[in-house]
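S.K.: Residue numbers in the sequence shown follow the numbering used here, run continuously in steps of one, and reach 529 at the last position. Handing you a structure now.
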Amino acid sequence: MKKERILIFDTTLRDGEQSAGASMSVEDKIEIAERLNEMKVDIIEAGFPFASKGDFQGVKKISEISNYSVVCGLARAQFKDIDAAGEALSKAKRKRIHTFISTSDLHMKYKLRMTKKEVLESINKSINRASRYTDDIEWSPEDASRTQESFLFKSIEYAISSGAKTINIPDTVGYAIPKEFGDLIKKIKNNVSNIDKAVISVHCHNDLGLAVSNSISAINEGARQVECTINGIGERAGNAALEEIVMCLKTRRDKLPFYTNINSRKITLISHLVSTITGFSVQPNKAIVGKNAFAHESGIHQDGMLKNSNTYEIITPESIGLSSSELVLGKHSGRHAFKVKLNELGFSFEENSVNKLFKKFKALADKKKQIFEEDLYSLVDNEQKFKKKLNVELLNLSVKCGTDKESEANIKLNIFGETKTIKKHGNGPIDAIFNALKSLIPNKANLIIYQVNGITKGTDAQAEVNVRLEEKSITVQGQGKDVDTMVASAKAYINAMNKLIMKRKKAQDSKSLLQISNTKLNKHVI
Ligand code: KIV
Ligand code: ZN
């Protein structure tokens, strides 16, 4: 049977960044975009250029470095949004503008305060405006799955005749169920007269846990582009997870006659990178990339696996870039073995970076007998974080605590290039550390989550600490890893602080999107 290609449109850097608590610097976005290019994602939605200077810069920089993927910028149906997207994308080898407007009665009445006629007019004007910059234009009817069908068909027809080449059908609030969503795609194919002139795309949210099922159902009915994110991050409950869509199509090609161009062996690496940058840990039982996705606990399963791995494994770990051996290196491993292992994990570093990492590896191996893949990932993370220009950096930490003394933390930080030191006490060592950090980096943030996990087995395992801070309406998630749980905690808090500083700035230089879309601006600008 002839297989048809499904385009993978990744929106980790746009919808993914809209996850509460997630924030990415321009450098973070570039790093993720490089990996998305390597794994051969067809289209990268790099951001929402009008939303903030940071978003604009992110799209601009990614446009400059993207050598495989089409770079896409999001824009509401407003000239200033579309112009910002056009400008940010100007250096891209291949560029796309994605413009959208709500079409459901609910959104038109309460959010846009626009009539159907006004919405139709703005579809035409926004697409015409976008065509000044590119002929690769994607158009989305926001809240499509709750839109009156006849108006949805009419809007799509109008968008295609105005010049849209991709029609994206979002299940904005994750309300659809698979058969219904597949049927909607079928109806669009049967009722929109010019639909053969556009690619149908879908963009499913996961509020009912159905984002991937809905996307697959839509593919079966004619969608040929899927919008998704690494680890399924995104607004509220997130978006369809890229790794799940790709591996579902690959694993069940007997029933699904489709293929993607994605190099699935890059999945583990990018999943890890996104988790580290956003501070969102991947749940252990998460499909494809969870820690337990290839763990066989029960005796019966282990016995079956030893006899034939097909008994309980439908995907090989290697196909997503996991190596089959758990234990990787030890104290006596040499530089060559270390470099080979890094390459196996998908990293490629210049010789002097390998040398630096090797020194750190040796230091870690002195503290820990066994070095697992997760340890290598965290070694690389720390090195990459170090390379980025940070506002706040930990220079030194020492802690005194115990049954008979009040806990005390001594901290030395580099804050905006200045070295500052402080000593603080607290109710236990973590409290002392956080008190010290709070007084060196003034903030009004409340600590909402403090979580510690061992990233590998054993009492000498590195600790991964996750913190979530909330300051007014800003939420940030920070992550820190170290063999010392106290140091990991300080790193996590500092990581969150760096994000808070970035988000405060972003909030200052961007107009609140919500505020704008709640005004009648839409009407008057176009
Ligand atoms: O969920 C949604 O509707 C969106 C659109 C901008 C496509 O993210
Ligand atoms: Zn969305």
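Note that CB positions come from ideal geometry on N, CA and C, so glycine has one too. Every value quoted in this text rests on a predicted model; they were computed, and no experiment measured them.
1) Who are the near neighbours of S515 in its chain, counting only those whose CB is closer than 8 Å to its CB and skipping five residues on each side?
2) Cβ of T106 less than 8 Å from any chain C Cβ?
3) Less than 8 Å between C-beta atoms, sequence neighbours within five positions excluded: which residues of the same chain meet that for L259?
4) Given this structure, state the Cα-to-Cα distance separating G104 from K200, to the nearest angstrom.
5) Assuming contact is defined by CB atoms lying nearer than 8 Å, are T263 and I317 in contact in what I supplied?
6) Give every residue of the same chain whose Cβ lies closer than 7 Å to the Cβ of L123, excluding the five residues on either side of it in the sequence, and list them in chain order.
7) With respect to 7 Å, is the separation between the Cβ of L77 and the closest non-hydrogen atom of the ligand KIV below this value?
8) Flag this pair as yes or no: are the beta carbons of T406 and I323 separated by less than 8 Å?
9) I want to know whether the stretch 225-242 touches the stretch 193-209 - three or more CB-CB distances under 8 Å.
10) In the DSSP assignment, find the unbroken beta strand (DSSP E) run with I452 in it and report its ends.
11) Using the beta carbon as the reference atom, which residues fall closer than 7 Å to any heavy atom of the ligand KIV, ordered along the chain?
12) Grouping DSSP H, G and I as helix and E and B as strand, with all else coil, what is F261?
13) Can you tell me whether C207 is helix, strand or coil according to DSSP?
14) Measuring only from the beta carbon, is N194 closer than 7 Å to any heavy atom that is part of the ligand ZN?
15) In whole angstroms, what is the alpha-carbon distance linking A36 and A49?
16) Measure how close the beta-carbons of L360 and E34 come, nearest whole angstrom, since I'm counting them as under 8 Å.
17) Give every residue of the same chain whose Cβ lies closer than 7 Å to the Cβ of L155, excluding the five residues on either side of it in the sequence, and list them in chain order.
18) Counting C-beta neighbours from all protein chains within 10 Å, is the total for D378 16 or more, i.e. buried, or is it exposed?
19) Grab the span of the alpha helix (DSSP H) containing V249 for me, first residue to last.
20) Mapping DSSP to helix, strand and coil, what is E20?
21) Verify the contact flag: N242, CB atom, against every heavy atom of the ligand ZN, threshold strictly below 7 Å.
22) Output yes or no for whether 8 Å exceeds the beta carbon distance between A88 and S66.
23) For F419, count neighbouring Cβ atoms within 10 angstroms of its own Cβ and tell me buried if that reaches 16, exposed if not.
24) Check Q228 in the structure and name its three-state DSSP category.
25) Between the C-alpha atoms of K342 and L503, what's the straight-line distance to the nearest angstrom?
26) Could you give the residue range of the alpha helix (DSSP H) that holds R132?
27) Using alpha carbons as the reference points, say which of N70, K43 and D18 lies closest to P52.
28) Here's the rule I'm using: 16 or more other beta-carbon atoms within 10 Å means buried, otherwise exposed. How should G333 be labelled?
29) Report the residue from G457, E386 and H428 whose alpha carbon sits nearest the alpha carbon of K408.
30) Here's the rule: buried if 16 or more other CB atoms are within 10 angstroms of the residue's CB, otherwise exposed. What is Y136?
31) Looking at K411: is its Cβ nearer than 8 Å to the Cβ of K403?
M.R.: Reading from the atomic positions:
1) In this prediction, S515 has a pLDDT of 47, which is less than 50 and means its spatial position is unreliable; what the coordinates show is noted afterwards. Here the set comprises nothing.
2) Within the model displayed, chain C is absent; a lone protein chain is all it includes.
3) I219, I222, N223, C251 and L252
4) The identity of residue 104 in the sequence shown is Ile, whereas the question assumes Gly. Rounded to whole angstroms, I104 to K200 spans 20 Å at the Cα level.
5) no
6) S158 and Y161
7) yes
8) no
9) yes
10) N449 to G457
11) D18, L77, F103, S143, E145, D146, N171, P173, T175, H206, H208 and E238
12) strand
13) strand
14) no
15) 8 Å
16) Not confirmed; about 16 Å, so no contact.
17) T106, P144 and A147
18) buried
19) L245 to T254
20) helix
21) yes
22) no
23) exposed
24) strand
25) 35 Å
26) K119 to A133
27) D18
28) exposed
29) H428
30) buried
31) According to the sequence provided, residue 411 is Glu. The question's Lys does not apply to it. Their beta carbons are under 8 Å apart, which means E411 touches K403 by this criterion.
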